[in-house]
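Heads up, the thing below is written out as structure tokens.
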């Protein structure tokens, strides 16, 4: 297929606002009479608030009111509340005070007397699983996850623990969930090499640059919320629910979002605090979130303690895998990273037989949520160095051994509830490896592997990762106005990928209209937005090209019908050229787009949005109804065929110099390649590839949460102590490429991009460090300089293999 | 290669900043913003916040008269009293660089600069870069061409750091640019594109 817009660069409408500072994020809004609020947060990892005495404090000058957990309805059991009487992590909000200034609110909070009863806490899932061991929550639940596994309780037996060496082997008692396919034992028996290792992957903060500040007020019966959200339409119903309102009673403005990486995917509990306060005091309330508060409320990746057993035949084929993941889920119900480990292993490495077991355990760590490649990227960090170990032992090329195991189009992933394995419409990971291999000059560089230059040793690494990347069933909504402009209504968010525009271009492509004649409507629920998925899970490129495609097809059909009605003949006699709908046999017989829009308004009914399809979502119904009569409406639900789980893949190649005296490394070169289907927006893709690679470097070698096990306090709050990569942690230049082969299940061949790029670079860096150390595998992320120096000096590591949340 | 630092030009370090805040009667808290909010919202005469004083500031070439608390940071004055919200607060403690502004041609973290210390100095914010008809500064133009921003929250700070760099070193090498920009964190990881932008702006005469 040849495209006019798809695959071409363009200047997204919001990039100029970003470089000029005119882009408005949540904290940039002001409202008449706006006041401020501050939070009182828990100083303890787990406590019960027995009594709050705020009588005197609330009489202080400038103080306007307070809300506590009593003022906000609680959510479902296990889910994080907005305010709580049983804080389960340091930094959990207990109450909020509104005042004419932040200073006044702070002064008031200083005067509030709280009687806390300290409760038992834990930062180690294995402690909670031990019979009689301390639990993170006071409600009797110690396990649970966001979807499918309601909060419950699991304790392992003393015998489970007695079977293993404490801290060095995972006890592997009863899991919460498990699946298997093939004959695992029989396949292990056939293997030439088998490795069984305990592993730990640390938690790391999302560290969104924009703290999740929010401003809210009530006007004419509606609640206006300015918030920092990755998503727009998708976040509205849960936000309304948290406010006890109907979606149409909430105005959500989230036009810009200063980074989320999974942590702002949908409405989150603290964002309703200013709305409730505003309702109580009758003034607009701004809640500015500090960097420290963002550390607590802004989420972190789920950490793992696990055990992995993998076996390869002499040719390097993975025959069997057996993985057990214990997830450190933080204090409240969190994402299912532990499940994604099994999904990713089954798909990316295609073992003949496999067993997966998982158990998500609550601890007294701050909120955790999905973070870029939740689970898949941890698995990449665990698995890829083991693949290298096999390659080394079996004397195989490290790229070739990966290709031998990679999936192809139609390959199966993990088994679903019915036992059947999901299939992927397309998988071009082998092509990504080949492209990267050539661009990186792998064969030439491998000659330098292990080369010494004073204390510095060269290490070469390759890594790969995957993420499922797309959904179906959401709606598209377009309106062609009498002035000939096409308004593309998109309910997706603005995470910084520019895909709100990139995926809208498919509508312009179908209608052949100039991009300059298109207007993107987004970022504010008053702009009549359709029901769309959230901007998470690397799904936007796939899901939103489908919705815009079906809406554009609906509009195209209506243009032809109008032309046929007005000019005679049948709809199929007509075609469009981007300005006019014309008779194929006689192009002079035509109607301009603007005139067609006027005719649509005159005709009414389905043409101008007065009659709508029955299967679209109520949100889309309401938006299309509001637009009715203003132009030619294209609206449809994405009922295109679903032929399997669309899946994005990535490969990354890294050369480092490892300083054996300091344990520090320098990245000499980096090449990342995405298997993302058809490239929609080359420049945007390039930035996503590089950004993913940068975050992977942080995950592999810099970032981790540390908690003091004695007092339960976080040891590294903020950007300095848990530093994300900076300009100086990266190679001087980064290189990118894409396979650019279409996914057959998407009208333009698009599929996801963002998440696997992080796992690919993280695992490539771990493999490069391992390579520079002669093949040593740490089975832990991040790999820190002290670990490297200890290993090279033959000293024991200060932490046990399963120690978690440690320095 | 060494870029001029704030300390070199003013003899005014972060430690000095904290000392001055303490001297002005305010508590220093890492976890909390301790400022009065909007004009007229501070409680005059109270020890904690001190008393607002009317000062004249030179912001983006204009003289602006504004009531300022002794412990007020320039970022808060810009954002909450002068309506210049392009300057972002990412950490409010000099870790991230999102609040970078240029004062007398030097890049500063405006979250860690007391407003009353910039009287009689020229403050340039992101809003003051584009020309009168909206034509973008060469750095802004280059950042658009390189699609350098992703989420965009760190972008104003990145732009201002790049402007200060090019003022002093109109043709930096990639390594020089990387060091000069290294105080500006970007969680999206758009560093490579920002660097491409800085070099593109330099080639286009970005010191303007």
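Chains as they are written, first to last, in the numbering used here: chain H, 10 to 816; chain A, 6 to 213.
Ideal Cβ placement from N, Cα and C applies to all residues, glycine included.
Problem set entry | Beta-carbon proximity check, residue 44 of chain H vs residue 294 of chain H, cutoff 8 Å | Counting from one through the first chain, the residue named residue 44 of chain H turns up at place 35. Counting from one through the first chain, the residue named residue 294 of chain H turns up at place 285. Yes, they are a contact pair.
Exercise. Is the CB of residue 812 of chain H under 8 Å away from at least one CB in chain A?
Worked result: Indexing the first chain from 1 puts residue 812 of chain H at position 803. Judged by the 8 Å Cβ criterion, residue 812 of chain H is not in contact with chain A.
Exercise. Who are the Cβ neighbours of residue 131 of chain A in its own chain at under 7 Å, not counting the five residues just before and after it?
Worked result: Residue mapping note: residue 131 of chain A aligns to position 126 of the second chain, counting from 1. Excluding residues within five positions, the ones whose Cβ falls inside 7 Å are 91, 92, 161, 164 and 165.
For this session: Could you name the residues of the same chain whose beta carbon sits closer than 8 Å to that of residue 78 of chain A, not counting the 5 residues immediately before and after it, in chain order?
Result: Within the second chain, the letter at position 73 stands for residue 78 of chain A. Once the five neighbours on either side are set aside, the close Cβ partners of residue 78 of chain A are 40, 97, 115, 116, 117, 118, 119 and 120.
For this session: Say whether the segment 651-661 of chain H touches the segment 569-579 of chain H, bearing in mind that this needs 3 or more beta-carbon pairs closer than 8 Å, one atom from each stretch.
Result: no
For this session: Please go through the same chain and pick out, in chain order, the residues whose beta-carbon is closer than 6 Å to the beta-carbon of residue 206 of chain A, but skip the five residues on each side of it.
Result: Position 201 of the second chain holds residue 206 of chain A. Once the five neighbours on either side are set aside, the close Cβ partners of residue 206 of chain A are 143, 144 and 147.
Exercise. Is the beta carbon of residue 497 of chain H sitting closer than 8 Å to the one on residue 516 of chain H?
Worked result: Within the first chain, residue 497 of chain H is the residue found at index 488, counting from 1. Within the first chain, residue 516 of chain H is the residue found at index 507, counting from 1. For residue 497 of chain H and residue 516 of chain H, yes; Cβs fall inside 8 Å.
For this session: Using a Cβ cut-off of 7 Å, pull out every chain A residue sitting near residue 37 of chain H, in sequence order please.
Result: Working through the first chain from its first residue, we reach residue 37 of chain H at position 28. Result: 90.
Problem set entry | Rounded separation between residue 1 of chain H and residue 383 of chain H - CA only | This structure gives no information on residue 1 of chain H, because the portion of chain H shown stretches from 10 to 816.
Exercise. What alpha helix (DSSP H) runs, 4 residues minimum, are completely inside the segment 132-193 of chain H?
Worked result: 134-138 and 167-171
Problem set entry | Of the listed residues H:730, H:89 and H:330, nearest to residue 281 of chain H (C-alpha basis) | Taking the first chain and counting its residues from 1, the one referred to as residue 281 of chain H is at position 272. Comparing Cα positions, the closest option is H:89.
Problem set entry | In chain order, each alpha helix (DSSP H) run of at least 4 residues that lies wholly inside the segment 53-137 of chain H | 111-120
Problem set entry | CA-to-CA distance, residue 780 of chain H to residue 797 of chain H, given in whole angstroms | Counted from its first residue, the first chain places residue 797 of chain H at position 788. Counted from its first residue, the first chain places residue 780 of chain H at position 771. One C-alpha to the other measures close to 12 Å.
Exercise. CA-CA distance, residue 208 of chain A and residue 158 of chain A?
Worked result: Position 203 of the second chain, counting from 1, holds the residue named residue 208 of chain A. Position 153 of the second chain, counting from 1, holds the residue named residue 158 of chain A. Taking the straight line joining both Cα atoms gives about 26 Å.
For this session: Consider the Cβ of residue 136 of chain A: report whether some Cβ of chain H lies at a distance smaller than 8 Å.
Result: Residue 136 of chain A sits at position 131 when you count from the first residue of the second chain. False, the Cβ-Cβ gap to chain H never drops below 8 Å.
For this session: To the nearest angstrom, report how far apart residue 783 of chain H and residue 458 of chain H are at their CA atoms.
Result: Locating residue 783 of chain H in the first chain gives position 774, counting from the first residue. Locating residue 458 of chain H in the first chain gives position 449, counting from the first residue. Their backbone Cα atoms lie some 9 Å apart in a straight line.
Problem set entry | Reference residue 461 of chain H, options H:609, H:77, H:270 and H:666, closest by Cα | Taking the first residue of the first chain as 1, we reach residue 461 of chain H at position 452. It is H:666.
Problem set entry | Contact set between the segment 253-269 of chain H and chain A, restricted to residues whose Cβ is under 9 Å from the partner | 265, 266, 267, 268 and 269
Problem set entry | residue 366 of chain H - partner residues in DSSP beta bridges | Here the question's residue 366 of chain H lines up with position 357 in the first chain. In DSSP, residue 366 of chain H forms a bridge with H:187 and H:333.
Problem set entry | Rounded separation between residue 769 of chain H and residue 805 of chain H - CA only | Working through the first chain from its first residue, we reach residue 769 of chain H at position 760. Working through the first chain from its first residue, we reach residue 805 of chain H at position 796. Answer to the nearest angstrom: the Cα atoms are 29 Å apart.
Problem set entry | Inter-residue Cα distance where the pair is residue 5 of chain A and residue 191 of chain A | Summary: the structure shown does not reach residue 5 of chain A, with chain A confined to residues 6 through 213, and so no result is reported for it.
Exercise. Residues in its own chain within less than 7 Å of residue 198 of chain A by CB, not counting five upstream and five downstream?
Worked result: By 1-based counting over the second chain, the position of residue 198 of chain A is 193. 151, 152 and 153, listed in sequence order.
Exercise. What is the DSSP secondary structure of residue 19 of chain H, reduced to helix, strand or coil?
Worked result: Within the first chain, numbered from 1, the residue matching residue 19 of chain H stands at position 10. It is coil, neither helix nor strand.
For this session: Kindly say whether residue 75 of chain A, judged by its beta-carbon, lies nearer than 8 Å to any beta-carbon of chain H.
Result: Translated into positions along the second chain, residue 75 of chain A becomes position 70. No, residue 75 of chain A does not count as interfacial toward chain H.
For this session: Could you tell me which chain H residues have their CB closer than 7 Å to the CB of residue 193 of chain A, listed as they occur along the chain?
Result: Within the second chain, residue 193 of chain A is the residue found at index 188, counting from 1. 268, 505 and 700, listed in chain order.
Exercise. Quick one, which residues of the segment 126-141 of chain H are near chain A if we go by CB-CB under 9 Å, in chain order?
Worked result: none
Exercise. Around the Cβ of residue 733 of chain H, are there at least 16 other Cβ atoms within 10 angstroms (buried) or fewer (exposed)?
Worked result: As a first step, residue 733 of chain H must be located in the first chain, where it is residue number 724. Label assigned to residue 733 of chain H: buried.
Exercise. In the segment 769-803 of chain H, which residue ranges form an unbroken alpha helix (DSSP H) of at least 4 residues, counting only runs that do not cross its ends?
Worked result: 794-802
For this session: Apply the 10 Å Cβ neighbour rule to residue 594 of chain H and answer buried if 16 or more other Cβ atoms are within range, or exposed otherwise.
Result: Here residue 594 of chain H refers to the residue found at position 585 when the first chain is read from its first residue. Classification for residue 594 of chain H: exposed.
Exercise. In chain order, what residues of the segment 283-308 of chain H put their CB closer than 9 Å to some CB of chain A?
Worked result: 295, 297, 299, 300, 301, 302 and 303
Exercise. Three or more C-beta pairs closer than 8 Å, one from the segment 496-514 of chain H and one from the segment 222-241 of chain H: is that the case here?
Worked result: yes
Exercise. Along chain H, in chain order, which residues have C-beta atoms closer than 9 Å to that of residue 207 of chain A?
Worked result: If you number the second chain from 1, residue 207 of chain A lands on position 202. Chain H residues near residue 207 of chain A: none, gap ~16 Å exceeds 9 Å.
Exercise. Three or more C-beta pairs closer than 8 Å, one from the segment 122-137 of chain H and one from the segment 69-88 of chain H: is that the case here?
Worked result: no
Exercise. Quick one: is residue 803 of chain H buried, meaning 16 or more other Cβ sit within 10 Å of its Cβ, or exposed?
Worked result: As a working mapping, residue 803 of chain H is identified with position 794 in the first chain. Exposed: under 16 other Cβ atoms inside 10 Å.
For this session: Ignore the nearest five residues each way along the sequence and tell me which others in residue 494 of chain H's own chain have a CB closer than 8 Å to its CB.
Result: Locating residue 494 of chain H in the first chain gives position 485, where the first residue counts as 1. The residues are 526, 527 and 528.
Exercise. Going along the chain, which unbroken runs of the alpha helix (DSSP H) with 4 or more residues stay wholly within the segment 392-424 of chain H?
Worked result: 407-414
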